[in-house]
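Chains as they are written, first to last, in our numbering: chain D, 1 to 114; chain U, 115 to 228.
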């Protein structure tokens with residue numbers, strides 16, 4: 001399954017409310033208690049991490065992350081719920097994609113481009 | 115379901131062998147018999163369309179598209195098979211994503227960012 005990548009994105013207008021990068025960032029914020037530490041873990045600048053958090057918070061009815069750089073940050077209950085549902089959604093979709101059609105495609109695709 | 119976007123990408127090394135854009139291009143080439151006409155339909159430059167075709171052809175064991183700009187292009191049997199399997203895969207994944215977790219997320223996400 002190494003070569004199948006499923007990117008599940010939930011849109012809010014033209015912006016992405018939740019996707020693989022934002023889910024990973026939420027997880028890292030929950031673990032580290034800090035937007036900058038979470039960004040560092042994911043190889044993201046603080047600015048980039050902050051922008052992703054800002055987009056999530058503007059896209060959801062309730063903020064998913066609270067707090068600011070100086071005093072640390074925490075994932076809210078809404079954030080935990082959104083993350084859990086997103087991961088469940090992505091797992092179901094990935095599981096569904098793992099079938100005969102995928103196996104046929106996998107056989108047709110080279111390991112590396114010609 | 116308007117706000118869920120599922121992007122299913124099949125990788126070949128670091129390149130994307132098949133994804134939503136390439137699948138749409140294959141369909142348009144099959145319909146128009148031309149890379150440039152297909153690109154135009156999708157609002158893509160000829161160069162961009164050609165590069166996507168080139169990537170597909172280098173990523174698959176057999177070429178998915180044959181022919182060149184002057185004399186038209188056609189989708190090969192391998193191309194038809196890859197497209198059908200990709201669409202089946204994407205449909206299964208989308209169907210799986212349409213559940214309770216998605217409904218909860220949909221309720222949490224605003225129509226437009228704040």
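Backbone N, C-alpha and C define an ideal beta-carbon position, used for all residues, glycine too.
Contact set between the region 135-152 of chain U and chain D, restricted to residues whose Cβ is under 8 Å from the partner:
For the region 135-152 of chain U, the beta-carbon criterion of a distance under 8 Å to any beta-carbon of chain D is satisfied by none of its residues.
Contact set for residue 33 of chain D: own chain, Cβ-Cβ below 8 Å, skip 5 residues either direction
Excluding residues within five positions, the ones whose Cβ falls inside 8 Å are 72, 73, 74.
So, at 8 Å on beta carbons, what are the nonlocal neighbours of residue 159 of chain U in its own chain, with the 5 sequence-adjacent residues on each side left out?
Here the set comprises 153.
CB-CB under 8 Å to residue 163 of chain U, same chain, minus the five flanking residues each way: which ones, in chain order?
Excluding residues within five positions, the ones whose Cβ falls inside 8 Å are 139, 149, 150, 152, 153, 156.
Measuring only the C-alpha atoms, how far is residue 77 of chain D from residue 3 of chain D?
Spanning the alpha carbons of residue 77 of chain D and residue 3 of chain D requires a straight line of approximately 34 Å.
So, are the CB atoms of residue 30 of chain D and residue 210 of chain U less than 7 Å apart?
With respect to residue 210 of chain U, residue 30 of chain D sits apart: the two C-beta atoms are not nearer than 7 Å.
Residue 222 of chain U at chain D interface by Cβ criterion, 7 Å
Judged by the 7 Å Cβ criterion, residue 222 of chain U is in contact with chain D.
Go ahead and pull the three-state DSSP assignment for residue 125 of chain D.
The requested residue 125 of chain D does not occur in the structure, where chain D is confined to residues 1 to 114.
Could you tell me how far apart the beta carbons of residue 133 of chain U and residue 121 of chain U are, in whole angstroms, since I believe they sit closer than 8 Å?
For residue 133 of chain U against residue 121 of chain U, the beta-carbon gap comes to about 7 Å, under 8 Å, which counts as contact.
Using CA atoms only, rank isn't needed, just tell me which of U/219, U/224, U/202 is closest to residue 103 of chain D.
Each of U/219, U/224, U/202 was checked against the Cα of residue 103 of chain D, and the nearest Cα belongs to U/202.
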